[in-house]
Every structure is written in structure tokens, then in C-alpha cells.
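In what follows, a structure is listed as C-alpha cells, so that the remarks can point back to it.
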Amino acid sequence: MSENKFADRSYNSEEKVSGATVIAQALKTQDVKYMFGVVGFPVTEIAIAAQQLGIRYVGMRNEQAACYAASAVGYLTGRPGVCLVVSGPGLVHALGGMANANMNCWPVIVIGGSSETSQDTMGAFQEFPQVEACRLYSKFSVRPNSIGAIPSIIEKAVRSSIYGRPGACYVDIPADFVNLEANVNSIKYVECCMPPPVSMAEPSAVCKAASLIRKAKQPLLIVGKGAAYAQAEVGIRKLVEQCKLPFLPTPMGKGVVPDNHPNCVAAARSRALQFADVIVLFGARLNWILHFGLPPRYQPDVKFIQVDICAEELGNNVKPAVTLLGDINAVTKQLLEQFDKAPWQYPPESNWWKTLREKMKSNKAASQELASKKSLPMNYYTAFYHVQEQLPRDCIVVSEGANTMDIGRTVLQNYLPRHRLDAGSFGTMGVGLGFAIAAAMVAKDRNPGQRVICVEGDSAFGFSGMEVETICRYNLPITLLVVNNNGIYQGIDRDSWKEMLKFGDAATVVPPMCLLPNAHYEQVMTAFGGKGYFVQTPEELRESLKQSLMEIAKPSLINIMIDPQGTRKSQDFHWLTRSNM
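Sequential numbering of the sequence shown, starting at 4, is according to my numbering.
Shown next, in the form of C-alpha cells:
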């Protein structure tokens with residue numbers, strides 16, 4: 004049967020179709036492939052109809068994680084995933100995921116059930132001003148006024164989510180619409196929206212940017228997740244290699260050009276930022292992650308060349324020397340044309356390169372010294388070093404936590420674009436398992452055999468730990484690594500915990516950042532049929548990770564015990580303040 008059976012076949016004028024089926028078919032027509040949610044009244048029939056039409060439905064344990072998963076699909080594929088939620092509290096739970104998607108500029112569609120139209124303002128079951136609430140967290144928020152309006156509304160939601168700066172869109176479905184029936188021939192499905200139009204920068208601005216790069220004494224390219232989303236990896240790598248320029252990836256810009264590329268200066272991040280005189284921003288915003296582009300983290304007279312799809316972003320916090328408004332991939336090609344016409348290379352033996360290489364060498368030596376320590380419990384660097392040794396080059400790395408994420412991004416390498424997902428621009432904790440589930444679903448369809456490695460701090464794992472059941476239910480190719488230091492930032496060991504409790508109740512004497520020592524998180528995985536490992540030594544870590552990666556039939560969780568007082572190397576602090584000096 005044709006995919007769009009209602010558009011391709013003629014029906015008797017008396018044949019009926021339900022609102023749930025219209026919603027599912029409208030999504031299918033817009034090339035939506037994945038739906039995540041928690042079903043219940045009034046949306047269960049929508050999930051069933053979606054499955055019947057070939058849309059993959061993943062039932063999650065919490066709407067927040069479902070929305071994180073749907074948004075990650077949007078980032079990984081360029082087409083929004085759908086988060087399906089029930090009315091009232093179900094929709095409220097999804098708002099965190101919508102806000103996160105908007106802050107990260109990822110496309111996602113949230114479809115929320117709502118109370119019946121005939122009961123508006125009457126105190127209906129879970130009645131809530133959902134359309135109004137979602138306007139704060141989305142690009143587009145609407146309730147169709149009839150079943151017949153649903154296809155055009157869905158098309159506009161999908162189109163709005165991916166055009167311009169991507170983001171979240173909300174469609175409100177009253178309970179009485181779900182099972183209400185209409186004549187098949189009265190429903191007009193809207194053709195799938197076109198891919199986003201590709202805009203290019205002003206040619207004069209491109210020439211000015213190329214000239215500024217040529218004149219730079221200490222240039223730097225910063226590659227953001229916007230470049231990853233724009234699939235600009237081929238052009239940016241060519242620019243780096245053709246012009247011999249140093250580059251610095253933001254956390255989710257890692258892999259656009261491989262981390263092990265000789266021109267990657269991530270190991271000298273702070274030095275590169277502080278002394279560059281010309282910086283090209285490829286889909287990277289001058290927000291807290293890049294210290295707002297302001298002194299003392301940058302030179303007062305540094306010249307920024309800003310490449311972004313969003314005009315409103317240009318000039319935020321710092322007035323740029325050149326603005327290149329357009330699709331990042333297209334603009335990168337425009338810059339390359341300038342350097343093809345008049346070839347130029349930044350001198351590889353310049354003092355700037357010498358300074359960066361020296362700092363990279365000293366920072367790598369400091370990290371390697373920590374990684375080589377034999378003391379137990381392990382520190383972060385030792386644990387990550389042994390993990391990095393065994394990670395498949397094509398694995399997708401999901402990471403969240405405080406020190407776990409900050410230190411992990413400096414040790415765990417990415418070689419391919421869109422292969423790292425983390426707390427992102429919003430600094431959101433709790434995204435990890437939702438992101439991992441989304442990545443695993445996409446990997447199963449696009450790259451069978453590809454593994455997803457989800458690296459969680461023990462605190463971060465707690466936000467969405469019950470999604471382990473979801474992972475096991477769908478038998479997803481995920482290896483969870485819980486880096487367990489018994490707390491948030493830092494914890495205490497078991498003996499100190501017992502001693503502390505002698506002085507009073509835990510609620511009055513235990514420091515707020517402490518969690519239960521030596522918690523056996525691996526037993527959450529085994530409870531649902533997966534593989535669980537509790538490791539305390541490098542040898543146990545290596546062996547458990549080896550077994551986990553060889554085990555293709557079951558997901559696994561490795562609970563890695565590290566020093567409760569372990570932290571970053573002495574000269575580094577949290578990346579909000581000072582990172583990789």
C-alpha cells in the first residue's frame with residue numbers, strides 16, 4: 004500500500020477516518036520517522052496510529068526524557084522527532100525538553116493532548132493553558148480548530164522547526180479530536196515541506212572576512228554545534244587544511260574536524276582564546292560557553308568574524324568585525340572560493356603555532372601524569388584514559404554531569420561530526436539517557452552495529468535512571484558508564500559516611516552534595532535484563548568495557564568507582580570560569 008494511502012487512493016465519500024489517524028498520516032507525510040512519549044488519555048490512539056503507518060514509537064518513562072530524545076533526533080537527522088504527551092502535567096513535564104531544544108537550536112515537535120473543547124474553562128480533567136504556556140518555549144504554538152486543519156498545522160510546525168534557527172514547535176490536540184471521525188475525502192494532506200532554503204552571505208562581506216583572515220597574526224577558528232547541524236564538516240576541514248589554521252571545537256562541535264587532527268588546539272583552549280587576534284565563529288555563540296567574547300578571556304581588540312544562520316545572533320555581547328549571515332556550509336564554501344582564487348596559508352612555523360603547541364604539550368603531559376597514577380580509588384583521568392583506549396572510533400558519545408562531562412570532553416575523542424551529545428547551551432542535567440536512546444534508535448536504522456556510549460556522573464544518572472528499562476525493553480546498543488564519586492562535584496567514602504551519621508540524622512549532618520556511598524547503580528540494569536558491572540580498578544574497567552562492547556545482544560551499565568574527592572587537574576577549574584589553560 005502507498006505510504007500516503009489517503010492521498011493516493013479514492014474512497015467512498017461515506018468512509019470515515021479518526022483524528023488520531025489524521026495526525027499520524029500528517030506526520031508521516033512530513034517525513035517524521037520517530038516518536039517518543041508516555042501514552043495515556045487522550046493520546047494513546049495517536050501512538051497506535053503512528054505505529055500502524057510505520058512511524059517508530061518509543062515509550063519512555065518520563066515526558067522530560069521523551070522530549071530530550073525527540074530533540075536529539077532532530078539534531079542528528081535534521082528532521083524533527085515528535086514528543087507525544089498527555090494533557091496538563093504530562094505537557095508540563097515536557098517543557099524542560101522544549102526549552103532545552105530551543106536553547107540548543109534543535110528541531111522538535113511536541114504534540115500534547117488537552118481537555119475537550121466543550122469543557123474549556125469548566126475545570127476539566129488536567130485542564131491547563133497549554134498553548135499559552137508553550138509559547139515561552141517554542142517557535143510556534145497552536146491548537147487546530149478542526150480535524151481538517153490538522154495536516155496544514157502539522158506541516159507548518161515541521162517547517163517552522165527546521166527553517167531559520169531550528170527549535171521547538173507545539174501542537175495542541177483536544178481530547179474530542181482524537182476519536183472524532185471525518186469523511187476521508189474531506190481531509191487534504193499537505194505535501195512534505197521542502198528542506199530549509201540555503202542562504203548565502205553578502206559577497207562583499209565574504210571578501211572582507213577573507214582579507215581579515217589573511218592579515219591575522221594569531222588566527223583561530225571556533226567550530227560550534229551549529230556547524231555540525233549544518234553538515235559543514237567537509238568545507239570546514241578543507242579550510243583548516245588548505246589555510247593551515249588552528250581550530251577549537253566547542254563541546255558539541257567536536258568531530259566536525261577530528262579531535263586528533265594536528266590543527267586542533269583544544270588542549271590549549273584558554274591560551275588560544277586569550278591571545279587570538281582574529282577569531283572566526285562557525286555556528287558558535289558568544290555565550291557563557293565562550294565567556295561572552297569579553298576580556299580578560301580575550302584580547303580587548305580581538306576581531307570576530309561571525310558566521311550564523313540567525314541575524315539576531317550577530318553582534319551579541321561583542322560587535323563583530325565582519326558578519327556572515329547564512330547557512331554555515333554555504334558560507335564556508337564562499338570563503339573557500341576566496342582562498343581558491345588567491346591561495347594563502349598561515350605559516351605553520353609562526354610564533355603563534357609555537358606558543359599553542361608548547362601549551363598543548365604541557366597540558367597533555369599534566370593530564371597524562373594524572374591518568375598514569377596507580378592509586379585507588381581511580382581518579383577521573385585514569386578512568387577516562389582506559390575508556391578512551393577501547394572506544395570504537397565511530398561510536399556516539401553522550402555525556403553529562405559536572406566533572407564527568409567537563410573532564411570527559413578533554414579525554415574522550417570524537418572523530419566524526421554529530422557524534423557527541425551533552426548538556427549543551429542550557430547546561431541541562433538529565434538529558435543523557437534520553438539522548439542515548441535517540442542516538443541508538445537512529446544508529447540502528449542508519450548504521451547497524453554502531454554503539455552508543457553514555458557517560459554519566461552518578462548524580463546525572465539519577466535524573467532519568469529509570470529510562471534503563473526503556474533501553475532494555477527496546478534492546479538498544481547502549482553502554483552506560485556511571486562515573487561514581489558518591490556525590491555532586493564531590494562526595495565522601497563509606498567510612499566517613501558511617502562516622503558522620505553518629506552525629507545526627509543524615510538530613511542535618513550530611514553535606515548537600517553527598518550521595519549514598521558505593522551505590523550499586525549497575526543493579527538497575529540487571530534488574531531489567533541487561534548486563535551490569537561494578538568496577539574499582541583499571542583492570543576491572545578494561546575487562547568490563549571489553550565484554551560490554553563485545554556483547555551485541557544486550558545493553559550494559561558499568562558502575563565505575565572513583566575517588567570521591569577527585570577533581571580536575573590543579574590548574575583547571577569548571578569550564579564556566581577557566582578551562583584547559
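We put the beta carbon where it would ideally sit given N, CA and C, even for glycine. Note that this is a predicted model, so its numbers are computed, not measured.
- For Y232, the enclosing alpha helix (DSSP H) covers residues 228 to 232.
- In the assembly as shown, F128 is an exposed residue. Its beta-carbon has fewer than 16 other beta-carbons within 10 Å.
- Where P206 is concerned, the enclosing alpha helix (DSSP H) starts and stops at 206 to 218.
- Short of 7 Å from the beta carbon of V445, and not among the five residues preceding or following it, lie these beta carbons of its own chain, in chain order: V76, L79, T80.
- Judged by DSSP in its simplified three-state form, I292 adopts helix.
- Per DSSP, the beta-bridge partners of E459 are E403, V485.
- Contact between Y37 and M101 does not hold, since their C-beta atoms are separated by about 17 Å, which reaches or exceeds 8 Å.
- Burial check for G460: the Cβ neighbour count within 10 Å reaches 16 or more, so the residue is buried.
- Two segments are said to touch when three or more pairs of C-beta atoms, one from each, lie closer than 8 Å; by this definition the segment 153 to 161 touches the segment 16 to 28.
- A direct Cα-to-Cα measurement between D566 and N489 gives close to 9 Å.
- DSSP places C172 in the uninterrupted beta strand (DSSP E) bounded by 171 to 177.
- Residue state for C475 is assigned as helix, using DSSP reduced to three classes.
- Cα atoms of I58 and V35: separation of roughly 7 Å, rounded to the nearest angstrom.
- Linking G116 to V89 through their CA atoms gives a straight-line distance of about 5 Å.
- Contact check for V414 and S370: beta-carbon distance about 7 Å, within the 8 Å limit, so the pair qualifies.
- Per DSSP, K31 is one residue of the alpha helix (DSSP H) stretching across 22 to 32.
- Around the beta-carbon of I561, 16 or more other beta-carbon atoms lie within 10 Å, marking it buried.
- Cβ-Cβ separation between P420 and G258: approximately 5 Å, consistent with a contact (criterion under 8 Å).
- Counting only the Cα atoms, K336 lies some 9 Å from V237.
- In the DSSP assignment, Y536 is bridged to I561.
- A contact between stretches requires three or more CB pairs, one per stretch, nearer than 8 Å, and the segment 235 to 250 meets this requirement with the segment 266 to 279.
- With respect to the C-alpha of K228, the residue from A270, L284, C137 having the closest C-alpha is L284.
- With respect to the C-alpha of G435, the residue from N478, M408, G452 having the closest C-alpha is M408.
- Annotated three-state conformation of M528 is helix, per DSSP.
- Take the alpha-carbon of V390 and the one of I308: they are about 37 Å apart.
- Note that the C-beta distance between P515 and W500 is not below 8 Å.
- The distance from the Cβ of C86 to that of C108 is about 17 Å, inconsistent with a contact at the 8 Å cut-off.
- Rounded to whole angstroms, the gap between the alpha carbons of A426 and D123 is 38 Å.
- Taking a 10 Å sphere around the C-beta of G452, we find fewer than 16 other C-beta atoms and assign the residue as exposed.
- Boundaries around D498 are those of the alpha helix (DSSP H), 497 to 504, since no beta strand (DSSP E) includes it.
- Put simply, of W347, E48, Y492, Q348 the residue whose alpha carbon is nearest the alpha carbon of T570 is Y492.
- Secondary structure of Q129 (DSSP, three-state): coil.
- Counting C-beta atoms within 10 angstroms of its own C-beta, L544 has 16 or more neighbours from the protein chains shown and is therefore classed as buried.
- Of the other Cβ atoms in all chains shown, 16 or more fall within 10 Å of the Cβ of E470; this residue is therefore buried.
- Taking each of Y524, Y173, S428, D330 in turn and checking the Cα distance to L293, the smallest one comes out for S428.
- Leaving aside the five residues that flank V226 on each side, the residues in its chain whose CB is nearer than 8 Å to its CB run, in chain order, I239, F250, L251, P252, T253, G256, V259, V260, F285, G286, A287.
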